[in-house]
Amino acid sequence: MSDAPTPLFNGDNIDTKQPVYVTEGEWDAMMMVQQGYVNTVSVPMGADSFPTEVFDQLVVCGKIYLLYDSDVAGQRGAKLAAERLGPERCWYIQLPVKDSNEFFLTHSKADFEALLQEAKRIAEPTVLSLND
30 MSDAPTPLFN GDNIDTKQPV YVTEGEWDAM MMVQQGYVNT VSVPMGADSF PTEVFDQLVV
90 CGKIYLLYDS DVAGQRGAKL AAERLGPERC WYIQLPVKDS NEFFLTHSKA DFEALLQEAK
150 RIAEPTVLSL ND
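When you read off a place in the sequence shown, starting at 1, and then add 29, the result is the number in our numbering.
Here it is in structure tokens:
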């Protein structure tokens, strides 16, 4: 079934004018939505996948927060996503646990907001805005 489309989970609800949160798994996206982060999507087929449909849906967005799993595969997937989408728009949130689902089982929304303030770019952009 290589011809089957691979859209973002919850991709029909993206508001491109608001920050978008991208998780590695559907359960993680659902937990984020339950916590009030309704502009959350999940990549299909895990961290190492970044199909054209995903790129097409996210490339039109402004600020993108990458909340991939904290393991090596997740970090590699977040880096791939940032490289494809442009590091100037992608911010990585380093979770102290495996994923956002586990995070909200053991932490508060205030704890997550603190992580948002600490979010960093994966790599420095090669093209800067005039303000930068």
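Where a beta carbon is used, it is the ideal one built from N, C-alpha and C, also for glycine.
For residue i: DSSP bridge partner residues
i	result
Ser71	Phe38 and Thr52
Leu95	Val51 and Tyr121
Lys138	In the DSSP output, where bridge partners are listed per residue, Lys138 has none listed.
Lys149	Tyr121
Whole-angstrom C-beta distance between residue j and residue i, which should lie under 8 Å
i	j	result
Ile122	Leu87	Actually they are not in contact, since the Cβ atoms of Ile122 and Leu87 sit about 16 Å apart, beyond 8 Å.
Val51	Val67	Wrong, their Cβ atoms sit about 14 Å apart, outside the cutoff.
Trp120	Lys92	7 Å
Val89	Thr45	5 Å
Phe133	Met59	Not quite, the Cβ-Cβ distance comes to about 10 Å (not below 8 Å), so this is no contact.
Where residue i falls, given that 16 or more other Cβ within 10 Å makes a residue buried
i	result
Val101	exposed
Val49	buried
Glu53	buried
Ser129	buried
Asn39	buried
Met74	exposed
Met30	Its pLDDT being 48, under 50, Met30 is placed unreliably in this model, and the value from its coordinates should be taken loosely. So Met30 ends up on the exposed side.
Gly65	exposed
Leu95	buried
Residue nearest to residue i in terms of C-alpha spacing, selected from the options
i	options	result
Tyr111	Lys138, Leu124, Asn130 and Asp77	The sequence shown places Ala at residue 111, not Tyr. Ranking Lys138, Leu124, Asn130 and Asp77 by Cα distance to Ala111 puts Asp77 first.
Asp32	Gly75, Pro80 and Gln64	Pro80
Ser99	Ile43, Asp57 and Asp41	Asp57
Val72	Lys127, Ile151, Asp44 and Leu109	Leu109
Leu124	Glu147, Gly115 and Arg113	Glu147
Glu117	Glu55, Lys149 and Pro36	Lys149
Query raised in the report: Which residue spans inside the region 103-133 form an unbroken beta strand (DSSP E) run of at least 3?
Result: 119-121
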